[in-house]
Each structure stands twice: as C-alpha cells, then as structure tokens.
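Novice: Supplied in structure tokens, the structure appears directly below.
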Amino acid sequence: MKFSFRPVEGAFYDLFTQAANNLVKGTELLNELALPGVDVQSVSDRLTDVEHDSDQITHDLYKKINSTFITPFDREDIYSLGSQLDDVMDHLEAVGNLLYLYGLTELPSLPREMHELVDVLDQQAKITADAMPRLRAMKGLEEYWIEINRLENEGDRSYRMLLVRLFSGEYDALTVLKMKEVADELEAACDAFEHVANTVETIAVKES
Numbered sequence: 004m005k006f007s008f009r010p011v012e013g014a015f016y017d018l019f020t021q022a023a024n025n026l027v028k029g030t031e032l033l034n035e036l037a038l039p040g041v042d043v044q045s046v047s048d049r050l051t052d053v054e055h056d057s058d059q060i061t062h063d064l065y066k067k068i069n070s071t072f073i074t075p076f077d078r079e080d081i082y083s084l085g086s087q088l089d090d091v092m093d094h095l096e097a098v099g100n101l102l103y104l105y106g107l108t109e110l111p112s113l114p115r116e117m118h119e120l121v122d123v124l125d126q127q128a129k130i131t132a133d134a135m136p137r138l139r140a141m142k143g144l145e146e147y148w149i150e151i152n153r154l155e156n157e158g159d160r161s162y163r164m165l166l167v168r169l170f171s172g173e174y175d176a177l178t179v180l181k182m183k184e185v186a187d188e189l190e191a192a193c194d195a196f197e198h199v200a201n202t203v204e205t206i207a208v209k210e211s
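Each residue of the sequence shown is one higher than the one before, counting from 4 in our numbering.
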C-alpha cells in the first residue's frame, strides 16, 4: 500500500473546480452569440464579469499556495494549473469582446467554422469541469486528457477551414482582418485547454 505524507487540502481542488466551472459559463455565453436577436453587448459584459471572477479565483489560489506549508502536490504544478485555467478564460473573454467591438455579429451570419470552434470549446470546457474534482483522488483522468487532445485536433481542423474561408474572397479585407483576430483567439483557447490537460497529466504521473 502506498502512503502519502501530503495533506488532503480540499481548498485547492475547490478553486480548480470553480475556475473550470467558469469556463463552462464562458463557452455558454459564446454560444448565445449564435442566437437570433442576441444582445451582444450584454454577452460581452457578462463574459467580462466571469473573467473578473476567474481572476479573483486565481488570486485566491496563489494566496492559498503562499499560506500553505505543505501543498497536496508540487507548488509549481498548482501555480501552472491555476494560471492555465485563467489563460483559457482570458481567450474566451477576448472572443466575445472582439466580436462586439468589431461589430461582427451585425454580419448576415458568422462563418459556420467559427460556430464549430465555439462548439469544440464548449465540449472542452464541460469535460475539463468534470475532470477537476477527480484531481482529489487522481483517478479516472486519462480519458479526460485523451479527449481534450482529440478535441484540440478537431479545433485545429475547423480553424484551418475557417482561414480558407476567410481568404476565399467572400469577405472584404477589413472584415477578414477582424475575423482573423477572433479566429486566432478561438484557436488559442483550444490550445489553452490542451495545456491544462497536459499539466493534469503531468500531475497525475508524478502522483501515481
């Protein structure tokens, strides 16, 4: 039987779970942008509110690390995981803000591939939120990081097809520049979810 001298400190796991749940809120808000007659400014403002809440969670996590003598796993990994969860939220907020500020939702429709990327992010967020509580026992996590990797590859394909469409001549040059910036943030969010999963895998391997 394996014995561990690390404490079972529930606060860290709770903060990771709260941060991941905020990512679900973020992707659900992005999905609202596909609805007819949506108040885009409201979506953008609510995304900013969720991002601010995530910043506070990250701040609380760092404060907890600095006030805890023995952490449940490596401090560097706790910092890394907390920071990476916050990075995802930053990218999600940027997507909503740019769509609003650039007036892109006033187009007849956003490219289908953009909605596909948001759908990938929504799946990644829900899987991540489901996985975070399992960190406490370090069990049942392998399927999580495998699926996140698969979804990231799916997101890459949608991103490439989105670029093909943007540069097909369907849109004017200024609109292409605006949508390219949004596309890059969507792709960065997909990558950021994979970074979270990679860190979880690293933690699980260390603790096994």
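Glycine is no exception: its CB is placed at the ideal position from the N, C-alpha and C atoms.
In or out: residue 142 buried (at least 16 other Cβ within 10 Å) or exposed?
Specialist: It counts as exposed.
Novice: Output the distance between the C-alpha atoms of residue 17 and residue 130, rounded to the nearest integer angstrom.
Specialist: Cα to Cα, the separation comes out at about 16 Å.
Novice: Let me know the secondary structure DSSP gives residue 72 once reduced to three states.
Specialist: Residue 72: coil per DSSP, three-state reduction.
Novice: What's the C-alpha gap between residue 41 and residue 158?
Specialist: Cα to Cα, the separation comes out at about 25 Å.
Novice: Closest by CA to residue 150, which one among 127, 107, 164?
Specialist: Closest option to residue 150, Cα to Cα, is 127.
Novice: Are the CB atoms of residue 88 and residue 19 within a distance shorter than 9 Å?
Specialist: Contact flag set, yes.
Novice: Where do the ends of the alpha helix (DSSP H) carrying residue 83 lie?
Specialist: Per DSSP, residue 83 belongs to the alpha helix (DSSP H) from 78-104.
Novice: Taking all protein chains shown into account, decide if residue 28 is buried (16 or more other Cβ within 10 angstroms of its Cβ) or exposed.
Specialist: So residue 28 ends up on the buried side.
Novice: In whole angstroms, give me the CA-to-CA distance for residue 152 and residue 123.
Specialist: Cα to Cα, residue 152 sits roughly 11 Å from residue 123.
Novice: If you draw a straight line from the alpha carbon of residue 193 to that of residue 155, how long is it in whole angstroms?
Specialist: Each residue's alpha carbon lies about 6 Å from the other.
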